[in-house]
Each structure stands twice: as structure tokens, then as C-alpha cells.
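Asker: Take the sequence shown: its letter number 215 is residue 254 in the numbering used here, and every next letter is one higher.
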Amino acid sequence: MKPSAFVYVALACEAKPFIEYFRLKKDQSIACFAVYVNDDICLTITGVGKIAMAAGVAYTQALFASAQQPVMLNVGIAGHRSEEIGNLLLIDKLEDCDTGRRFYPPLIFTSPCPTRGLQTHAKPQTRYHPTHLCDMEASAFYETAIRFSTGELIQCLKVVSDNETSLAQNISPQWVTRLIGAQLHTIECILAELTKLAGLLSSPELPEFNSLVSCYHFSATEKIQLKKLLSRRALVKGRDSLEFDDATAQNGKELLRLLEKQLERMAFYL
40 MKPSAFVYVA LACEAKPFIE YFRLKKDQSI ACFAVYVNDD ICLTITGVGK
90 IAMAAGVAYT QALFASAQQP VMLNVGIAGH RSEEIGNLLL IDKLEDCDTG
140 RRFYPPLIFT SPCPTRGLQT HAKPQTRYHP THLCDMEASA FYETAIRFST
190 GELIQCLKVV SDNETSLAQN ISPQWVTRLI GAQLHTIECI LAELTKLAGL
240 LSSPELPEFN SLVSCYHFSA TEKIQLKKLL SRRALVKGRD SLEFDDATAQ
290 NGKELLRLLE KQLERMAFYL
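#1: Note down the Cα distance separating L223 from L274, rounded to an integer number of angstroms.
#2: In whole angstroms, what is the alpha-carbon distance linking D285 and K292?
#3: What are the uninterrupted segments assigned as alpha helix (DSSP H) that are 4 or more residues long and contained completely in the stretch 159-199, given in chain order?
#4: Ordered along the chain, which non-local residues of its own chain (more than five positions away) have a Cβ less than 8 Å from that of A49?
#5: Can you tell me whether F45 is helix, strand or coil according to DSSP?
#6: Between the C-alpha atoms of K64 and T99, what's the straight-line distance to the nearest angstrom?
#7: Considering only DSSP beta bridges, list what A73 is partnered with.
#8: Measure the Cβ-Cβ separation of A44 and V96 and say whether it is below 8 Å.
#9: Where does T154 fall in DSSP's three states?
#10: Hey, quick one: how far does the alpha helix (DSSP H) through G220 stretch, first residue to last?
#11: Out of curiosity, what's the CA-to-CA distance linking I124 and H168?
#12: Leaving aside the five residues before and after E182 along the sequence, list all residues of the same chain whose C-beta is less than 8 Å from its C-beta, in chain order.
#13: Below 8 Å, how does it come out for the stretch 229-236 and the stretch 154-165: are there three or more Cβ pairs, yes or no?
#14: Leaving out the 5 sequence neighbours to the left and right, which residues in its chain are closer than 8 Å to E203 when beta-carbon positions are compared?
#15: Give a yes or no on whether the C-beta atoms belonging to L302 and R271 are separated by under 8 Å.
#16: Which of the three DSSP states, helix, strand or coil, is assigned to R62?
#17: Can you give me the Cβ contacts of G118 inside the same chain, cut-off strictly under 8 Å, excluding the 5 residues immediately before and after it?
#18: Measuring CA to CA, which of Q67, D131 and L146 is closest to L233?
#19: Where DSSP assigns a beta bridge to S205, which residues make up the other side?
#20: Mind checking who G139 pairs with in its DSSP beta bridge?
#21: Could you have a look at D284 and say whether DSSP puts it in helix, strand or coil?
#22: For the alpha helix (DSSP H) holding A117, just list the boundary residues, first then last.
#23: Buried or exposed: Q158, going by 16 or more other Cβ atoms within 10 Å of its Cβ?
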């Protein structure tokens, strides 16, 4: 069984509605984490915190290793100063408040829910950021997931569980299950969009890859980077011919930089 979509949650109460809705079955052969699967979806309960999330992502990706680019989704609860309890939000900016690292998940489909920024902390917070959501896992999820797939297929969804008028101390497992369950239809729509995008990447290998590898020298790591960049470009622009504004790459490293710049310009105009 090789699922193509991977969902990561920190808590069992976040997983419960997924297990029921998608009829997932627990993989009894796995002891390190609670993992539930069907033919298409693998859900992992990682535990709370960045270390647990990173370990859960890496473990299941190694376990279900596939040549295809997997869809990877982090779903969970998060606090926000003023957002209404139960709102579903897609994260467009991630900040790890312990390391200062920032990530911007590329979004190339129309989101059915609003987007927000999010800060990840190592410990629960008692003060809310003026505009950003707050959680304890998302940045670690994204930083680990990007090693296994392309950024367009990696997204974070958060359901607001607490705010200044309904504090985190009031949260119960049953309450979390209901909040997540109420948003499953929208979450399923987002999974479907990501799966559709992944289908573009699983089609026969991009012809440009073999052509470029024959013209330029790339290390093994650079070849992986080239595949990711070409895949991202195919998602954003389709499979038309490569153009570099008349610039000529002298070597593999330079070509990778040109591709990155081209993708940055494309993202600006999305």
C-alpha cells in the first residue's frame, strides 16, 4: 500500500474525525507512531511539539518511500487573538520563533478558506500575536516535509481553537474533535486540489531534465534540486519550453540560480 497523501496531526482528538470520515485503519505493524491508512491517505499522530512532528514526518516518509512527489498536509488547532473559534485558515507564512526561520508555502490554487500567517513556538503562549496564529508544530512540519516533496504540495491548515474571549484553558479533546470535524468537507476539497497537482508531477519525467543533465554537470544533490525546480515550474507555467531572458548558464549551479529567479518572478505574478 503506497498512499499518495499524508496528513500529520499532533493530537489523537485531531485525528479522530479523519479516521472516521476517510475510514482509515490503524497499521498495527508500526509501533513508533499511531499511523492510520487507506489506499490513498496516510494519517500520522506525531505528538505535541516540533521535535515530535519532525520525527513523525521523517519516519512515515521513509516508511512509505515513493518515487512520486507526495501531498503533505499538517492539520491542527491554533490560537489567534481575534479570529472566530472554528474558523479554518490556510497558512501562507510560517515563522519559527525559536530559530527565526521563515517559510512561505507556495499556493497555486484558489483556496476555499482565508489565509493567515502563523508563528510556531516551543512552549504554549499566553499572549496572542496581533495578526498571526500560534501553534507548536507547523514550522517543523514544513521544514521537514520540504525534504520529501515540492513546496506546492505541502500545506498547513489550522482551525482556530482559542482567542482572547475563549482562552486555551477551555479547550477539551471532545471540543477539538468537533471543531476539526466541522471543517472536513473543506479539508477534503483542499486535499483533492493538491492531489490533482500531484498528478501533474507523476506523469512521465520532464524531458528538460535529461536534456539539461546531458548539457551541464550536476552533483547528485543538484540533480534532486533540478527535478524539484522543473516540477515547480511545470505546475506554475505548464510544460512549455524553458526561457531565461536570453541569459546563458555557464554551468549547472548557474542554471539552478536562473531557474530559481524565474520561479520567483512567476510567483510574483500569480
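By construction, the Cβ of each residue, glycine as well, lies at the ideal position given by its N, Cα and C atoms.
Answerer: Judging by the given coordinates:
#1: 26 Å
#2: With a pLDDT of only 42 at D285, under the threshold of 50, the placement of this residue in the model should not be trusted; the figure read from the coordinates follows. Whole-angstrom Cα-Cα distance: 17 Å.
#3: 177-184
#4: I84, T85, G86, V87, G88, A91, M92, G115, M175 and E176
#5: strand
#6: 15 Å
#7: I84
#8: no
#9: strand
#10: P212 to G220
#11: 16 Å
#12: A93, D135, R140 and F142
#13: no
#14: R120, S121 and Y167
#15: yes
#16: coil
#17: Q164, Y167, L172, C173, D174, V199, S200, D201, N202 and A207
#18: L146
#19: N202
#20: For G139, which the question treats as bridged, DSSP gives no partner whatsoever.
#21: Its pLDDT being 49, under 50, D284 is placed unreliably by the model, and nothing is read from it.
#22: That residue, A117, is in no alpha helix (DSSP H); its beta strand (DSSP E) goes V110 to G118.
#23: buried
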